[in-house]
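J.: Before anything else, here's the structure in question.
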Amino acid sequence: MSRNLSTARAMPKLVERKVFSRTRGSEQGPITRLMSPSDLGQYLKPFVFLDHVDAPSSITSSDNLHPHSGIATVTVLTEGNLRFDMGDWGTGLLDYGGVEWMRAGSGIWHGGEYRPASAPRFKAFQLWVALPAALEASAPEWQFVEASGIPTVGPARLIVGAYQGKTSPVRAFNGLNYLLVTLAPGETWVYETPIGHEVGWLSLSHGSIVGEGRYKAGDMIAFDRSDAAIPFQAGPEGATFVLGSAVPHPHELLLGYYSVHTSDEALKAGEARIAEVRHLYV
């Protein structure tokens, strides 16, 4: 259940919720690592990992096969486009507002899903989400939804979850919202946080948000634990950002190299399954 969305011409301040942390992450070539399970992911779980990619589309021509278990990955482009071809899992174009949801579950290998389309460069966020205990050993699945299939709520694309009477077609779990928002210069918008979604954060891809301070492209902001509303006002160049909110993940994070689980037993099972199925992908 959520409250009604509202907009206003002026905001008294940037957020009603206090900022717990602000980071610009660490750059690794075209990838900026904003959050990992061993740092900010401990506070923002079930959101445990976030990369921002700003790269030539040709980078996708190099396959990067690697495994996962216990998590789901969510890939969203904020600029440019890429082609995907995963056979029975889907074929099409990923651009602004579309999404790849990959539930690793019990264990899967992936890499090389994308190839260049018409845009020479792209910007994207890749997010990892820790799965609930009941799903961490589930069968893996992929889901690609092009932009035309993603519902909008005001200036937001509802990538994952349910909000203001709309529901994303992505087959995620309850208590998790992920939105892609673009505001025009000076535009205001309020995210009426669903009750119980005490975990909240955002990361800016383009432009800036103004208020008591100014947050700009490249910033990731983690909010305090609360389900209070979050008002936004775009800067003079507008703003594009991703926004996540969720019910807190109740488990400690048990970490493998590419895996996140809720217990030592689940982690051992996930890593064993990764080794067992490797021959199916390599």
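Per my numbering: the sequence shown = residues 1 to 282. All residues carry an ideal CB built from backbone N, CA and C; glycine is no exception.
Counting only the same chain and skipping the five closest in sequence on each side, list residues whose C-beta sits under 8 Å from that of SER26.
T.: As a first step, residue 26 is located in the sequence shown; it is residue number 26 there, counting from the start. Hits under 8 Å: THR32, ARG33.
J.: Hey, how far is the Cα of LEU50 from the Cα of TYR258?
T.: The residue you call residue 50 lines up with position 50 of the sequence shown. The residue you call residue 258 lines up with position 258 of the sequence shown. So the two alpha carbons sit approximately 13 Å from each other.
J.: Over the uninterrupted beta strand (DSSP E) stretch that includes ILE31, give me the two end residues.
T.: Locating residue 31 in the sequence shown gives position 31, where the first residue counts as 1. Its beta strand (DSSP E) spans residues 31-35.
J.: For THR112, which residues in the same chain have their Cβ closer than 7 Å to its Cβ, ignoring the five residues on either side in sequence?
T.: One-based indexing of the sequence shown puts residue 112 at position 112. Checking the displayed sequence, the identity of residue 112 turns out to be Gly instead of Thr. So the list reads ASP63, ASN64, LEU65, once near-sequence residues are dropped.
J.: Would you check if the distance between the CB atom of PRO194 and the CB atom of TYR215 is smaller than 8 Å?
T.: The sequence position of residue 194 within the sequence shown is 194, counting from 1. The sequence position of residue 215 within the sequence shown is 215, counting from 1. For PRO194 and TYR215, no; Cβs fall outside 8 Å.
J.: Quick one: Cα of ARG278 to Cα of GLU271, how far?
T.: If you number the sequence shown from 1, residue 278 lands on position 278. If you number the sequence shown from 1, residue 271 lands on position 271. ARG278 and GLU271: Cα-Cα distance of roughly 11 Å.
J.: Is the CB-CB distance between PRO231 and VAL181 below 8 Å?
T.: Indexing the sequence shown from 1 puts residue 231 at position 231. Indexing the sequence shown from 1 puts residue 181 at position 181. Not a contact, by the Cβ cut-off of 8 Å.
J.: Tell me which residues share the same chain as ALA184 and place their Cβ nearer than 7 Å to its Cβ, disregarding the 5 neighbours each side in the sequence.
T.: If you number the sequence shown from 1, residue 184 lands on position 184. These residues qualify, in order along the chain: ALA234, GLY238.
J.: Comparing C-alpha positions only, which one of LYS268, PRO120, GLY149, LEU127 sits nearest to ARG103?
T.: Locating residue 103 in the sequence shown gives position 103, where the first residue counts as 1. The residue with the shortest Cα to Cα distance from ARG103 is LEU127.
J.: Using only CA atoms, which one of PHE241, TRP201, ALA266, GLY107 lies nearest to VAL48?
T.: Taking the sequence shown and counting its residues from 1, the one referred to as residue 48 is at position 48. Per the Cα distances, TRP201.
J.: Counting pairs of Cβ atoms below 8 Å between the segment 82-89 and the segment 142-152, do you hit three or more?
T.: Judged by Cβ distances under 8 Å, the segment 82-89 makes contact with the segment 142-152, as three or more pairs qualify.
J.: Output needed for GLY196: all residues of its chain with C-beta closer than 8 Å, excluding positions within five of it in sequence on either side, in chain order.
T.: Position 196 of the sequence shown holds residue 196. Counting only Cβ-Cβ distances below 8 Å, and skipping sequence neighbours, we find GLY175, ASP227, VAL247.
J.: Considering only residues of the same chain and omitting the five flanking positions on each side of VAL210, which have a CB-CB separation below 8 Å?
T.: Taking the first residue of the sequence shown as 1, we reach residue 210 at position 210. If we look at VAL210 and ignore the five residues flanking it on each side, its Cβ neighbours are LEU14, GLN233, ALA234, GLY235.
J.: Taking only the alpha-carbon atoms, compute the straight-line gap between ASP95 and THR78 and give it to the nearest angstrom.
T.: If you number the sequence shown from 1, residue 95 lands on position 95. If you number the sequence shown from 1, residue 78 lands on position 78. Near 7 Å, if we compare the C-alpha coordinates of THR78 and ASP95.
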